[in-house]
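Protein chains: 4
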Amino acid sequence: MLKTLIVGASGYAGAELVAYVNRHPHMTITALTVSAQSNDAGKLISDLHPQLKGIVDLPLQPMSDISEFSQVDVVFLATAHEVSHDLAPQFLAAGCVVFDLSGAFRVNDPAFYDTFYGFTHQHPELLTKAVYGLAEWNHEQIKDAQLIAVPGCYPTAAQLALKPLIAADLLDLNQWPVINATSGVSGAGRKAAIANSFCEVSLQPYGVFHHRHQPEIAVHLDAPVIFTPHLGNFPRGILETITCRLQPGVTAQRVAAVFQDAYGNKPLVRLYDKGVPALKNVVGLPFCDIGFAVQDQHIIVVAAEDNLLKGAAAQAVQCANIRFGFAETQSLI
Amino acid sequence: MLKTLIVGASGYAGAELVAYVNRHPHMTITALTVSAQSNDAGKLISDLHPQLKGIVDLPLQPMSDISEFSQVDVVFLATAHEVSHDLAPQFLAAGCVVFDLSGAFRVNDPAFYDTFYGFTHQHPELLTKAVYGLAEWNHEQIKDAQLIAVPGCYPTAAQLALKPLIAADLLDLNQWPVINATSGVSGAGRKAAIANSFCEVSLQPYGVFHHRHQPEIAVHLDAPVIFTPHLGNFPRGILETITCRLQPGVTAQRVAAVFQDAYGNKPLVRLYDKGVPALKNVVGLPFCDIGFAVQDQHIIVVAAEDNLLKGAAAQAVQCANIRFGFAETQSLI
Amino acid sequence: MLKTLIVGASGYAGAELVAYVNRHPHMTITALTVSAQSNDAGKLISDLHPQLKGIVDLPLQPMSDISEFSQVDVVFLATAHEVSHDLAPQFLAAGCVVFDLSGAFRVNDPAFYDTFYGFTHQHPELLTKAVYGLAEWNHEQIKDAQLIAVPGCYPTAAQLALKPLIAADLLDLNQWPVINATSGVSGAGRKAAIANSFCEVSLQPYGVFHHRHQPEIAVHLDAPVIFTPHLGNFPRGILETITCRLQPGVTAQRVAAVFQDAYGNKPLVRLYDKGVPALKNVVGLPFCDIGFAVQDQHIIVVAAEDNLLKGAAAQAVQCANIRFGFAETQSLI
Amino acid sequence: MLKTLIVGASGYAGAELVAYVNRHPHMTITALTVSAQSNDAGKLISDLHPQLKGIVDLPLQPMSDISEFSQVDVVFLATAHEVSHDLAPQFLAAGCVVFDLSGAFRVNDPAFYDTFYGFTHQHPELLTKAVYGLAEWNHEQIKDAQLIAVPGCYPTAAQLALKPLIAADLLDLNQWPVINATSGVSGAGRKAAIANSFCEVSLQPYGVFHHRHQPEIAVHLDAPVIFTPHLGNFPRGILETITCRLQPGVTAQRVAAVFQDAYGNKPLVRLYDKGVPALKNVVGLPFCDIGFAVQDQHIIVVAAEDNLLKGAAAQAVQCANIRFGFAETQSLI
């Protein structure tokens, strides 16, 4: 049994991690923590997330110092980027395997953090060592990693949709892929803010041309993309509609074969033979669903996932399963 | 043209007042104000409430002192209870007619405010003079009032449903009327709070046995009631399902006649010959809709209204129309 | 491994049964069926319910004759009342254990069906043998039953809330308990109807004084109740707010003790020490959550459940677990 | 007072027309009709659309023959395409001015109807005479027209967004504009269908590469476009996010100037100086809101409208106002 610590358990992705780890036959929850400054310190996880009542009623412990938690085997960091940036090195030094759900270690270029995250990275050596946890593509590196940077919610779906097409050179990248994505409100985190309040939420684009998931996607695809995120009027789930120009002569059959090669044996990507996914197909589930259509030398790929699961907690546990040699879908399905 | 000031225009009821007054042929908006401490001071009303863009683009002026606004004829106070409590006397002293949408002057008993609102009332003489603006019942007093206390959202629907039955002595009040009410989230006001955030809202009772609208209803009906408010997962609207025991022998026909007598000529109460209202029938409209069913010496009355309109802004303007001798529905329908 | 047949698998409760049985270590799905007349015959369950894609992709077989399915051990009937009424005797004759999720065998009084269900019951002898599957209360009878009538969605929550209070004689039943209940739209079944269409749904009472769950509740509680169901603007979940008069002198402590006695060791009822449940606490979960408040000789009990789970599929599987000696929560939590 | 007939008043756009015409000072409702086969024939409009109760309580008359309605001045056809196709010539022959909200006369190419609407057009001479009612662009032709083909909901927003850019030659059309659009469920009409039922609706693309609004947009813009409509989980409103490649050197300032030239004096298009519209900004309002951002030789234009208003009923009344010389926004704002 792996002793497991979940840092930032009070958030939405944190609560999903708690549920997954709690039912994992090879992991046990050692502690749940929140920031020492948080009003939630001392409360039960099930006070904040009542769906866990009677299932996991552990307290949220304040964490100012990692020393009392350093004996754990596994740490999930479901925290703000700056917090992960500071904590990850300490847990690595204590010998833990760290799964970071923040953006703090996703891109191996320190300048990226100054530009897009607003802080100067202090641990460039860790950027080199961190493995990007896009589980379907980086399986081998994950097996040996000590620090896994779990991809962002939008980038997970976007990359799963585009990577096979780019790898097989099916796209004409002179025309930049256009990624229109809509996320549920939980993507903004569990916090009080006018913009997240019930009466203010409606479908709208945000961060047009300036969302930090755009460079995360572009860097890992090594391709230019236009990424336009939208806030949707639903609690959870992401749907991405991606429009690209194909190389001349590429047929739907060829595209289908490429997706089949990439994901035919991947348990958490579900390919659609016909049609495209709806958001409800994936909410509450650990899958990324992918469908597409081809016409007039263009392709529209639609990818859907639960932003808190395949876009966060489920992919983190999937990476942990890979890292420790468990079945890849253990506790997820 | 009545020069009109709207205090607290940044809130949801405030924005509805702005729209109504703007299209009123006998009123003109002199100014919109917010608290001098508010982050919204200096913004345009249409920045906060974009539905008003191009219709009303006035700035929200900070108000610390009423002197610069004291030349207005009419003041709508869509503010916190304590703020109304402090401002109303000042505007009255300046000769304005004041329509207060807060709870500061609704009950003619100073002790009520200590118990239910958490402050000691400093103006008991105004409690005597204030007229309770339940428009269908207090028409004559409203015509002569300088200070109109516009009823709370829940109490408006509850009283419109129960007053005719109690006045005609149709109810056996040994059994307390049970008022189950569900309100849209806008009832909590425009503010950042975890409880109002999109992912946290779901149908749930709150303030069980302890909501301050319970005594407001009971005092004005002069009858005991059990009032259980619920938060609903919709932005606006209130639906109340009210169960009472009838006096022996009271028939549905008798009830229908009593309601017809009370509201047959009232333009903002719509009676249902058969069936009961759904919430959507009233959202965005200034009506209170009422239907009922009778069986086994019990009656179930269902009343629906838009909490921001008949439950706030529309009733305030209805009172102003009555006060100044305009058509009762002017600018409302 | 119990060979299991799910009849009416195309509906919302049916799909939940499919998911539960699929992951049950002691049950295996032999077949999924729909009416021979259904347009869904021949489709995959995962075409209708895409959340099951890759998990259960079995076809929906048309069923005109039970003979080809009569070798199964367990039958779940998630069908219309009349269909269950006709099929149950045939499966019983074939030696199957039958869990009926319809209303066809819930009340041991043939006249009930003429009055409330619109058909004359042809199998009164089965009404005597059928066990009402309110799992927390009828555990012993369920262990020996061949035909289990799984309670209706509304009656499950209402009875779980009221039965302990009535059994301990805490209520003054001269005043009828008032049950206000709101259900998600899935309670109306998976079908095309204007009333269920997205733009038509909003909070509204229906079946006032005439819903057939009223007598189901009253008969099994042996007490009069006023039951007012509402349609809510959410897909799933039921919240019931129940107002009763207490016997003189009954305290909140006494009520808490009675609930604790009834459910302290019941894994699928979660009691609240303070506060009352919100709908979101139970959606997607097999629990019924119960909280209450007491004041002025009245009690308000709030019960919440997922209408498709504790109100249907989860309680059916809970009954099956009891019937066959498995852990009561097997595959449910 | 223009005698006005609304055909197809039972639908969602029809009900909006009823409300607008009812409050129009120069129009009076002569009759509301539905198909003679409709179950709604004989009902009151306010039975189907209770928001109109007490405002318009006229019956829905069955229409098999136009003769009894041929004395009207103005006809709004809010009907199926085939029905409009058959009725419009009859009303034109009777001397009426016809505003058709269907697709029957939008494109001056008979073959278009065979391909995209599934019927052979029988009145090609009317296609020549019909004026496309994109009000901001075809003002002069509308003033003289007898038959106005009111644009489709999606095409209205798409063309208002793109026409100024194309007219000013700002776009590099070698890269096809990518229009991602999401519509509320009312866009599918008022009808019983599983796909529109509350529990089935979630964000999803549909008609990928095959929606008939794609050619409507492309023909009237005289430019290729990729149009991907989505169903959104809200009752009404359309938001379109449109990504295009700009000609080299085109700046945001140039784009702003072009939009200002096109719409600076148009009362029903609201331009955003900064940021882009959210859906809620326009729901219930007759506007199309437009905002944009420019970067790296790409532009993202966001257009929002209420699909039933600027996308249907409001634009129809706007066209009528233009046609008869009333203020363009009469009864709309």
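Residue numbers (my numbering), protein chains in the order written: chain C, 3 to 335; chain Z, 3 to 335; chain L, 3 to 335; chain A, 3 to 335.
Where a beta carbon is used, it is the ideal one built from N, C-alpha and C, also for glycine.
At least one CB atom of chain L sits nearer than 9 Å to the CB of C/R272. The alpha-carbon of A/H123 is positioned some 29 Å away from that of A/A197. Counting along the chain, C/H222 sits inside the alpha helix (DSSP H) bounded by residues H215 to L223. When 8 Å is used as the limit between beta carbons, C/N283 is near these residues of chain L: P52, Q53 and K55, in chain order. Z/A95 and Z/L89 have their alpha carbons spaced roughly 10 Å apart. Going by DSSP, L/N182 is part of the beta strand (DSSP E) stretching over V180 to S185. For A/S185, the CB contacts under 8 Å within the same chain, skipping 5 residues up- and downstream, are C155, Y156, P231, H232, L233, G234, G239, I240 and N309 in chain order.
Straight-line measurement puts the Cα of Z/P237 at about 20 Å from the Cα of A/A306. Excluding residues up to 5 positions away in sequence, F118 lie with their Cβ nearer than 6 Å to the Cβ of L/R214 in the same chain.
As DSSP reads the structure, L/F101 sits in a beta bridge with L/F78 and L/I150. Between the alpha carbons of L/P279 and L/V227 lies a gap of roughly 22 Å.
Using a Cβ distance threshold of 9 Å, A/T81 and C/V180 do not count as a contacting pair. C/Q249 has no beta-bridge partner at all, per DSSP. In the structure shown, L/F71 falls within a helical segment according to DSSP collapsed to helix, strand and coil. A Cβ-Cβ distance of about 7 Å is found for the pair Z/V271 and Z/F289, placing them in contact under the 8 Å criterion. Using beta-carbon distances, A/A195 counts as an interface residue toward chain L, with a partner under 9 Å. Contact note: Z/L287 reaches chain A through Q53, using a C-beta cutoff of 7 Å and chain order.
Around the C-beta of L/N182, 16 or more other C-beta atoms lie within 10 Å, and the residue is accordingly described as buried. A Cβ of chain Z is located within less than 9 Å of the beta carbon of C/P237. Taking 4 residues as the shortest admissible run, the stretch 240 to 311 of chain L contains the following complete alpha helix (DSSP H) segments, listed from N- to C-terminal end: 254 to 265.
For L/T30, the uninterrupted beta strand (DSSP E) run begins and ends at M29 to S37, by DSSP. Bounds of the beta strand (DSSP E) holding A/V9 are L4 to V9. For C/L79, the closest C-alpha among the options C/Y14, C/V252 and C/P126 is that of C/Y14. Contacts with chain A at 9 Å (Cβ-Cβ) do not include C/L334. In terms of Cα proximity to A/T130, the closest of A/D116, A/V296 and A/A151 is A/A151. DSSP lists Z/P61 as the bridge partner or partners of Z/L46. DSSP links C/P207 through a beta bridge to C/H232. At a cut-off of 9 Å, the C-beta of A/A90 has no neighbouring C-beta in chain Z. When the five nearest sequence neighbours on each side are left out, the beta carbons in the same chain lying within less than 8 Å of the beta carbon of Z/Y22 are those of A315, A316, V319, S333 and L334, in order along the chain.
The alpha-carbon separation between Z/G189 and C/D116 amounts to approximately 42 Å. The C-beta of Z/N283 has 16 or more other C-beta atoms within 10 Å across all chains shown, which makes the residue buried. A straight line joining the alpha-carbon of L/I168 with that of Z/A322 spans about 52 Å. Any Cβ of chain A closer than 9 Å to the Cβ of C/V278 would place that residue at the interface, and such an atom is present. Within 7 Å of the CB of A/G189, no CB atom of chain C is found; the nearest one sits about 14 Å away. In this structure, L/A11 lies near L/T35, with their beta-carbon atoms less than 9 Å apart.
If the five residues before and after L/P207 are omitted, its C-beta is found closer than 6 Å to the C-beta atoms of T230 and H232, all from its own chain and listed in chain order.
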